[in-house]
Amino acid sequence: MPIQLLVNIDHIATLRNARGEGYPVPAQAAQICEKSGAAGIVFHLRGDRRHIMDQDLPELKEAVHGILDFEMAATEEMIELLHKVQPDICTLVPEGREELTTEGGLHLSAVFKDFKTRIFPAIRNGAGGSKVEISLFVDPNPDDIERAIELGSDAIELHTGTYANASTPSVAQEELTRLAAAAKIAHSAGLKVNAGHGLNQKNLPPFLRAVPHLADISIGHALISESVFHGLANTVHAYMSIIEQVKKEQS
Ligand code: PXP
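Here the sequence shown is numbered in the numbering used here, starting from 12 and rising by one per residue.
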């Protein structure tokens, strides 16, 4: 499974919603990202609809020709929408109303029974559910990886926020070691290893070099922010070059 870039376009919607206008349009941004080499698009429909809104879903479904990753909380409302959209990936995340962004991985010990008996069957049994890849957003701790395996998840998405926000190089290095160990456990059990949160052009190369078995890398806030100055196509190209460079080193 090669490393590939999925662009999270939530903050195109944040900009639109700031003035209650109809622009910029997330689906249009998605098209530019794909044309510029991104393998797909991620959107997070939050319960409070603070960025992506319901009206965006059919537009994104139509615009995206590569991988479409629907990031969502494990609620009945979201599962119903998931079955309407039928994306390629369903990434389950914890969601708190007060948080600025997703603040950590799922605590799988707390939700294990509910995921096993209710959430996974509800996702799998609805329209398109048998084809959707379920990915669980988790911190890189072995217990949560083992629980994801036991749940029969197709993938994990490693939470890279602690690495990205590390206050010193040695804390960053420790976190890279944890991420690499978590990736090995998941990969050896046959799970796909996705990753994301807080990644940018500076912290991405050491991350890609340190962590094995990576597949989909989800990047949003930094990429969309940089695109204000450099253009969306140029910025996606810059991230693609980083990924291509690391792939070349590893081949
Ligand atoms: N992955 C998950 C599960 C997320 O919640 C987010 C943020 O929406 C991202 C990746 C992307 O993070 P960032 O916007 O910091 O690049």
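For every residue, glycine included, the Cβ atom is placed at its ideal position computed from N, Cα and C. Quick caveat: nothing in here was measured; it's all calculated off a predicted structure.
Beta-carbon proximity list for residue i, same chain, < 8 angstroms, skipping 5 on both sides
i    : result
Q97  : K72, A138, G139, K142, V143
P13  : A226, K258
M251 : L16, S47, G48, A49
A249 : Q212, E237, H241
R57  : I63, A84, E106
R108 : G58, D59
I253 : Q212, L215, P216, L219
R189 : P151, N152
H224 : M12, A194, K195, A197, H198, V204
Residue i Cβ short of 7 angstroms to the ligand PXP heavy atom set
i    : result
S47  : no
E144 : no
S199 : no
E110 : no
V104 : yes
D21  : yes
G209 : yes
A6   : With the chain running from 12 to 262 in the structure shown, residue 6 is simply not present.
E237 : no
E260 : no
T113 : yes
G58  : no
A85  : no
E263 : Missing from the structure shown is residue 263; the chain here goes from 12 to 262 and no further.
H118 : no
E88  : no
F148 : yes
H224 : no
E186 : no
Which residues DSSP lists as bridging residue i, in chain order
i    : result
S229 : L17, G207
S146 : T102, A166
D125 : Answer is none; D125 lacks a bridge partner.
F5   : Since the displayed the chain opens at 12 and closes at 262, residue 5 lies outside it and no answer follows.
Residue i classed as buried or exposed, judged by whether at least 16 other C-beta atoms fall within 10 angstroms
i    : result
A121 : exposed
H76  : exposed
N176 : exposed
D65  : exposed
T171 : buried
N245 : exposed
D125 : exposed
V182 : exposed
K203 : buried
V239 : exposed
E32  : exposed
F174 : Here residue 174 turns out to be Tyr, not Phe, going by the sequence shown. Buried.
R30  : exposed
Rounded Cβ spacing between residue i and residue j (contact assumed at less than 8 angstroms)
i    : j    : result
G51  : D80  : 6 angstroms
E82  : T102 : 4 angstroms
I228 : A193 : Between A193 and I228 the Cβ distance is about 15 angstroms, and since that is not below 8 angstroms, they are no contact.
V18  : V247 : 6 angstroms
A74  : A133 : The pair is not a contact, with the Cβ atoms about 27 angstroms apart (cut-off 8 angstroms).
Residues near residue i in its chain [Cβ-Cβ closer than 6 angstroms; skip 5 each side]
i    : result
H208 : H170, T171, G172
I100 : D80, E144, S146
A191 : A221, V222
S164 : I145, L147
Cutoff 7 angstroms; reference residue i; Cβ partners in own chain excluding five residues on either side
i    : result
L2   : Residue numbering for the chain in the displayed model covers 12 to 262; residue 2 lies beyond these limits and cannot be assessed.
K127 : L162
heavy atom of the ligand ADP below 7 angstroms from residue i C-beta
i    : result
G231 : Within the structure as shown, the ligand ADP is missing, the only ligands being the ligand PXP.
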